[in-house]
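In the UniProt record's numbering, the protein residues as written are 1 to 577.
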């Protein structure tokens with residue numbers, strides 16, 4: 001088999017490989033689709049059966065309760081008096097008994113939403129009494145209702161498109177008329193509306209059918225539809241709720257029904273299969289369409305891969321990615337004699353040369369960075385030193401006070417920091433403290449001429465390792481070029497702010513020399529990566545920050561909100577040394 005597979009060309013191999021990989025997935029998807037469809041269909045059918053059983057039980061309980069109320073009413077004393085003892089009752093007693101009956105009939109009528117009218121027919125006085133009427137007995141209606149029915153198996157009487165439950169009382173064996181007949185008329189519109197609410201879908205309906213008496217409530221389909229459903233029901237003698245599928249006039253229906261032993265009726269719920277199960281069929285169609293489309297895509301992709309010689313190029317791309325992540329030990333041992341042999345050989349030579357150049361550049365950059373830092377540390381501003389010593393001289397001539405002590409401490413800490421050469425880096429907390437010492441010295445010099453606001457360093461950045469002397473040169477620049485000549489209203493602010501994973505240190509003054517041309521010129525100098533530029537002051541700080549943290553960090557120069565210079569230092573949250 002392997003030898004046969006080796007003789008097949010690449011394009012058929014790719015197609016076969018894709019099919020082998022995807023066939024189990026398609027098979028699993030098909031099985032899951034079938035299982036899911038069957039599960040959903042089962043849930044739908046069980047739901048229909050549950051609803052039919054629930055609604056049928058609801059009707060049985062409702063009408064069973066109504067019949068019990070009728071039987072209780074038949075034993076009412078006033079009803080016995082009016083039907084058998086009117087000759088011993090005067091007019092007022094009769095009127096009182098009639099009003100009592102009407103009240104009871106009103107209670108019966110209001111006991112169920114399906115009751116349209118509750119009446120009692122009393123032949124001895126030839127009167128029909130209801131909750132709101134007192135009239136002569138209609139003989140045809142009385143004859144229709146004076147029928148003995150089995151209230152436990154089939155209590156309904158269907159007469160002239162009206163539905164009744166009647167109770168002749170008492171039952172006499174000599175064909176004599178009863179003392180009275182209690183009847184309740186069921187509201188067919190209300191019952192039909194309730195049946196309509198049982199079905200959620202517009203393509204289905206619910207109806208209550210009495211096959212023996214030949215009447216039904218609900219359902220607008222023709223008689224042929226009912227006959228077709230009847231044939232399905234008659235073929236099933238089950239007493240519990242059942243579900244069948246039947247085709248009527250070319251349309252498939254799901255039919256759920258349950259026979260009522262106490263009402264003699266059958267509750268039928270039917271819905272079109274296309275409405276209930278239509279979405280499942282659409283999912284199956286979509287599955288096969290996607291399967292065919294996937295097969296076409298496999299053929300196209302396989303052909304494209306075949307044309308592009310995917311495998312050798314993929315190997316080469318992986319090698320480039322390793323180099324991109326810093327792995328310079330990648331090398332190919334390609335034994336072929338085709339064009340890829342030349343590519344792989346040149347790739348090996350390129351990696352070796354790249355490794356050599358990176359080593360050379362790294363060593364050179366390290367030497368330059370180290371030299372620049374040492375040079376900056378050895379520089380002491382003569383102007384600042386002169387002014388500081390002059391202030392110290394003036395304070396010494398005065399009597400001893402706290403200012404002289406503080407100034408001497410600030411000055412000694414300042415010179416100790418800038419002349420300490422044991423390390424090229426310090427913690428950010430140390431750098432900030434040095435900047436504060438510098439500001440305190442300048443406060444001695446300028447007194448209340450310059451107002452300084454120095455923010456607090458966030459605690460999460462206290463131990464961040466940074467190059468030495470990155471904040472103090474910016475403060476010195478602000479004093480020298482922005483604030484020194486400003487006689488009143490001079491302000492200097494140092495703020496700390498977090499920007500996502502970075503820290504921003506903003507030094508801003510309100511000097512009057514920060515015009516747009518000067519700021520643009522400084523920005524251009526910051527963007528130029530030229531070792532020939534000056535390496536002191538702002539440019540020096542910017543370059544050292546980029547050498548340590550990368551090109552995305554350093555200084556950003558802008559015009560402040562008060563019109564002066566605004567220089568922002570961007571530092572990362574963490575750094576590795």
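All C-beta atoms in this analysis are idealised placements derived from N, C-alpha and C, irrespective of residue type, glycine included.
Is there at least one non-hydrogen atom of the ligand PLP closer than 6 Å to the beta-carbon of residue i?
i, result
"residue 34", "Although the ligand PLP was asked about, the structure shown includes no ligands whatsoever."
In whole angstroms, what separates the C-alpha of residue i from that of residue j?
i, j, result
"residue 119", "residue 250", "47 Å"
"residue 150", "residue 76", "22 Å"
"residue 117", "residue 185", "5 Å"
"residue 550", "residue 435", "24 Å"
"residue 538", "residue 518", "14 Å"
"residue 503", "residue 478", "21 Å"
"residue 55", "residue 140", "34 Å"
"residue 20", "residue 337", "32 Å"
"residue 261", "residue 64", "12 Å"
"residue 18", "residue 291", "13 Å"
"residue 320", "residue 330", "9 Å"
"residue 574", "residue 458", "13 Å"
"residue 41", "residue 229", "21 Å"
"residue 165", "residue 68", "12 Å"
"residue 577", "residue 358", "Residue placement at residue 577 is poorly supported in this model, since its pLDDT is 41, which falls under 50; the coordinates are not used for a value here."
"residue 415", "residue 409", "10 Å"
"residue 35", "residue 285", "15 Å"
"residue 348", "residue 342", "10 Å"
"residue 114", "residue 220", "20 Å"
"residue 325", "residue 540", "30 Å"
"residue 440", "residue 545", "25 Å"
"residue 481", "residue 452", "16 Å"
"residue 12", "residue 317", "25 Å"
"residue 428", "residue 314", "46 Å"
Spatial neighbours of residue i within its chain, please: CB distance less than 7 Å, with the 5 preceding and 5 following residues excluded, ordered by chain position.
i, result
"residue 483", "450, 490, 492, 509 and 511"
"residue 232", "244, 246 and 255"
"residue 131", "102, 105, 106, 109 and 118"
"residue 78", "97, 100 and 101"
"residue 417", "434"
Only counting the same chain, and skipping five residues up and downstream in sequence, which positions put a Cβ closer than 8 Å to that of residue i?
i, result
"residue 365", "547"
"residue 532", "Any answer about residue 532 is weak, because its pLDDT of 48 lies below 50 and its placement is not dependable; what the coordinates show is given next. Same-chain partners within the cutoff: there are none."
"residue 91", "none"
"residue 135", "127 and 128"
"residue 456", "496"
"residue 199", "205, 206, 269 and 271"
Once the 5 residues before and after residue i are set aside, which same chain residues still bring their CB inside 6 Å of it?
i, result
"residue 542", "526, 554 and 555"
"residue 30", "none"
"residue 426", "468"
"residue 266", "209, 257 and 259"
"residue 123", "177"
"residue 344", "332 and 334"
"residue 89", "none"
With distances taken between CB atoms, is the gap from residue i to residue j smaller than 7 Å?
i, j, result
"residue 287", "residue 312", "no"
"residue 145", "residue 183", "yes"
"residue 171", "residue 217", "no"
"residue 264", "residue 154", "yes"
"residue 413", "residue 437", "yes"
"residue 289", "residue 52", "no"
"residue 514", "residue 442", "no"
"residue 86", "residue 137", "no"
"residue 271", "residue 252", "no"
"residue 466", "residue 507", "no"
"residue 163", "residue 70", "no"
"residue 522", "residue 557", "yes"
"residue 328", "residue 361", "no"
Let me check understanding here. Comparing Cα to Cα, which of the options lies closest to residue i?
i, options, result
"residue 143", "106, 171 and 181", "181"
"residue 215", "169, 253, 158 and 228", "158"
"residue 470", "432, 459, 480 and 160", "432"
"residue 176", "148, 314, 165 and 156", "148"
"residue 234", "223, 211, 224 and 219", "211"
"residue 500", "314, 485 and 460", "460"
"residue 494", "473, 487 and 351", "473"
"residue 444", "12, 411 and 454", "411"
"residue 572", "498, 222, 43 and 452", "498"
"residue 563", "545, 524, 516 and 520", "516"
"residue 26", "133, 222, 223 and 295", "295"
Checklist entry - Can we say the stretch 203-217 touches the stretch 184-192, given the rule of at least three CB pairs closer than 8 Å? => result yes
Checklist entry - Are at least three pairs of beta-carbons, each pair with one atom in the stretch 76-89 and one in the stretch 52-61, less than 8 Å apart? => result no
Checklist entry - Is it a yes or a no for the stretch 291-301 touching the stretch 243-262, going by three-plus beta-carbon pairs under 8 Å? => result no
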